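Protein chains in written order, with the working numbering: chain Y, 26 to 289; chain U, 502 to 799.
We put the beta carbon where it would ideally sit given N, CA and C, even for glycine.
Model, not experiment: these values are computed from the prediction.
A quick write-up on the structure given underneath.
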C-alpha cells in the first residue's frame, strides 16, 4: 500500500526558471494494482516516479509505504522494496559483468558483505529463473551482459527486479527503446510476472493502446496533475478515441494525440 | 643491478594495484596517491625510527593510506566535488601532514636501521645472495596482495564495487549505498599505495617528502603497459597486468637512466618519457578499438 499525500515538486524554486513539475498530487495505490500512466511529454510522469523512488525529494507533501513515512529516505534504501526499470536498457544491468554476476547482485538487496555468494547452487537457481525468459540465457551464465540484445537485456533487468518481490514495481517506459517485436516480448513478460507474483506496479507508456490493454487502473497526467483516474469496469470499456475525447473535455484543448499515439 | 629492477617493480606493483582499483574498477581518477605514497613512507619511517615492530609499522602505514583515501572519497561524495579536485585537495593537505610526520624535516634516513627488506635479506641471505633474497621477499609480498585482491573481487562486496564503476544506477537499484562503496574502494586503493610507499622508503633507505611526486602517472603508465602485454580481461589477468606492467615500467626507466645519455637524455627527462609512453599507449588503445569497430561492421 503506497500513499502520496499532497505531493508537490518545484524545480529551481524562487528563481526565474521556477518550474512546477508536480502540483499537489494525492494518490493511493492499493496492493495488487497494476496502474498504467499516460500523458504528453513534460506532464510530470517521470518526475512522479523519481519522487516515489526517492531520486528527488518532494518540495511539499508526504509519501508513505505500508504505513511508514519514507519521504526523506534515500533512493538506495527505498530500492530494497521499490523496484524500478528505466527506458534505457543499459541502466538496469552492469554490461562489463557476466549474467551470473549481475543476478547475484540482485538476489539480495542492500549491503553486500565479504562472503562469496556465487556458488553452484546459486548458479542452479539462476538457471531456473532464466528459463522463464525463454531466451536460452540459462546456457549463457558466463557471458558478459553487454553481449545481449536490448530486448534480452531489458528482460534480464525485469527478472532481476522482480526476483526480490518488491512492494512496488516502477516501469518508466521500459519498452520504449526496443524494436516492436522485442517491446511486445518484454511487455508480455511484464504482464505475466505481475500476475504470477501478484505484484503492485505502475507503468508509464506513450502507447495508449497498451495503457488500455494492460493493468486494472489508468492515470492520465497533464501539467503536473493527475487529470484522469479510472479503474475497474470503467477502464475495461475505454478506447483510444474515448481517452482523447476525455482529455479534450477535461482540458478544453487539443490533445497532442499525434505525439502520444505515434510514439511507440 | 638487474634484480633491482624487479625488486623496485614488485614494491611499486602494490601502488599500481591501488591505482588499478581506482582507475579501472571504480572509474574514479584518484590523484590522492601522490600524497599517500609519501604518507606511507613517512609513517613507516616514523615508526621504524621509534623501534616499532616492522610489521606493525607496515600495517599502520596501510591504515594511514586508507584514512587519506576515505577523506578524498568523503569530500567527493558528501560535498559533491569532482573526484579529480577532491584528490588534489587531499594530496595538497598531505604534503604538510607528511612533513609534520617526519618531524618538520623533508626527509628521514633509515640507513643502519633494520627494515623489512634488510631483514628478509639477512634471513634468506644465508642461502642465497642478499639481492636475490630481497627479491624473493618482495615477489611474495606482491603476489600475496594480488591474490587477496583477486579473492576480494569475487566476494559480493567486490562484485558490487565492479558494478559501481560500470553502472552506478544499477548499484543504487540493488539497494547499495554508492557513497559507502566508493569510500571502501578508494580507501583500500590508498592503503595499498601507502604500503607500497612504506616498502619503497625501506628499500631506498630514506623517506622523502617528494618521493610520491608523479606516482599517479607512474601507476597509470604501468597499468596501461601491463594491459598491452596481457590481453585477457578477467580480474585475475588484470591484476597480473598491474604486476608485470610495474616491472616493465621500472625496466624501461632503468635503461632510460643507464643508456639515455647516448641519445642525450638526462635523468630529469624521465618524467617526459613516462608521459610520452602514456600518450603512445592511449593512441595504441584507440587504434585497437577502431580496429575492433571496423571488424564488427564487416
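- Task: Could you say which of Y:147, Y:197, Y:54 and Y:130 lies nearest to residue 114 of chain Y if we only look at CA atoms?
- Result: Y:197
- Task: Count the other CB atoms, across all protein chains shown, that sit within 10 Å of the CB of residue 159 of chain Y; report buried if there are 16 or more and exposed otherwise.
- Result: By the 10 Å Cβ count, residue 159 of chain Y comes out exposed.
- Cα separation between residue 750 of chain U and residue 141 of chain Y? 34 Å
- Message: To the nearest angstrom, how far is the alpha carbon of residue 76 of chain Y from that of residue 672 of chain U?
- Response: 19 Å
- Query: Hey, which unbroken runs of the beta strand (DSSP E) at 3 residues or more fall wholly within the segment 646-683 of chain U?
  - Reply: none
- Which value, in whole angstroms, describes the spacing of the CA atoms of residue 128 of chain Y and residue 185 of chain Y? 6 Å
- For residue 658 of chain U, go through chain Y and note every residue whose CB falls closer than 7 Å to its CB, in chain order. Chain Y residues near residue 658 of chain U: 137, 138 and 139.
- Opening and closing residue of the alpha helix (DSSP H) in which residue 578 of chain U lies: 555-579
- Item | Local Cβ density within 10 Å of residue 760 of chain U, reported as buried at 16 or more and exposed below that | exposed
- Message: Please give me, in chain order, every unbroken run of the alpha helix (DSSP H) with length at least 4 that falls completely inside the segment 729-773 of chain U.
- Response: 736-760
- So, is residue 733 of chain U buried or exposed, given that buried needs 16 or more other C-beta atoms within 10 angstroms? exposed
- Message: Using the Cβ count rule (16 or more neighbours within 10 Å means buried), how would you classify residue 191 of chain Y?
- Response: buried
- Return yes when the Cβ of residue 50 of chain Y is within less than 8 Å of the Cβ of residue 90 of chain Y, no when it is not. no
- Message: Report the CB separation of residue 666 of chain U from residue 526 of chain U in whole angstroms; it is logged as a contact under 8 Å.
- Response: 5 Å
- Task: Establish whether the CB of residue 674 of chain U and some CB of chain Y are separated by less than 8 Å.
- Result: yes
- Query: So what's residue 93 of chain Y in DSSP terms, helix, strand or just coil?
  - Reply: strand
- Three or more C-beta pairs closer than 8 Å, one from the segment 626-642 of chain U and one from the segment 560-576 of chain U: is that the case here? no
- Message: Less than 8 Å between the C-beta atoms of residue 779 of chain U and residue 510 of chain U, yes or no?
- Response: Contact: no.
- Neighbour flag for residue 667 of chain U against chain Y, beta carbons, 8 Å: yes
- residue 801 of chain U: buried (16+ other C-beta within 10 angstroms of its C-beta) or exposed? Shown here, chain U extends from 502 to 799; a query on residue 801 of chain U therefore has no answer.
- Mind checking whether residue 61 of chain Y and residue 228 of chain Y have CB atoms under 8 Å apart? yes
- Message: Contact criterion: CB-CB distance below 8 Å. Does residue 118 of chain Y meet it with respect to chain U?
- Response: Yes, residue 118 of chain Y lies at the interface with chain U (some Cβ there is under 8 Å from its Cβ).
- Query: Can you list the residues of chain U that residue 246 of chain Y reaches, using a CB-CB cut of under 9 Å?
  - Reply: Per Cβ cutoff of 9 Å: no residues; residue 246 of chain Y is ~24 Å from chain U at best.
- First and last residue of the uninterrupted beta strand (DSSP E) at residue 253 of chain Y: 250-256
- Message: Here's a check: name, in chain order, each residue in its chain whose Cβ is nearer than 6 Å to the Cβ of residue 213 of chain Y, leaving out the five neighbours to either side.
- Response: none
- Task: Return yes when the Cβ of residue 729 of chain U is within less than 8 Å of the Cβ of residue 660 of chain U, no when it is not.
- Result: no
- What's the call for residue 645 of chain U, buried or exposed, on a 16-neighbour Cβ count within 10 Å? exposed
- Task: Using 10 angstroms around the beta-carbon of residue 274 of chain Y, count the other beta-carbons present and answer buried if the total reaches 16, otherwise exposed.
- Result: Taking every protein chain shown into account, the CB of residue 274 of chain Y has fewer than 16 other CB atoms within 10 angstroms, so this residue is exposed.
- Assuming residue 272 of chain Y and residue 245 of chain Y make a contact with CB atoms under 8 Å, what is their CB distance in whole Å? 7 Å
- Query: With 16 other CB atoms within 10 Å as the buried threshold, where does residue 88 of chain Y fall?
  - Reply: buried
- Query: Under 8 Å between C-beta atoms, does residue 664 of chain U make it to chain Y?
  - Reply: yes
- DSSP three-state call for residue 80 of chain Y: helix, strand or coil? coil
- Query: Do residue 707 of chain U and residue 574 of chain U come within 8 Å of each other at the CB atom, strictly closer than that value?
  - Reply: no
- Please name the residues in the segment 146-157 of chain Y whose beta-carbon is closer than 7 Å to at least one beta-carbon of chain U, in chain order. none
- Start and end residues, beta strand (DSSP E) containing residue 61 of chain Y: 59-63
- Item | Within chain Y, the residues that residue 523 of chain U reaches when beta carbons sit closer than 9 Å | Here the premise fails: no neighbours, minimum Cβ distance about 16 Å.
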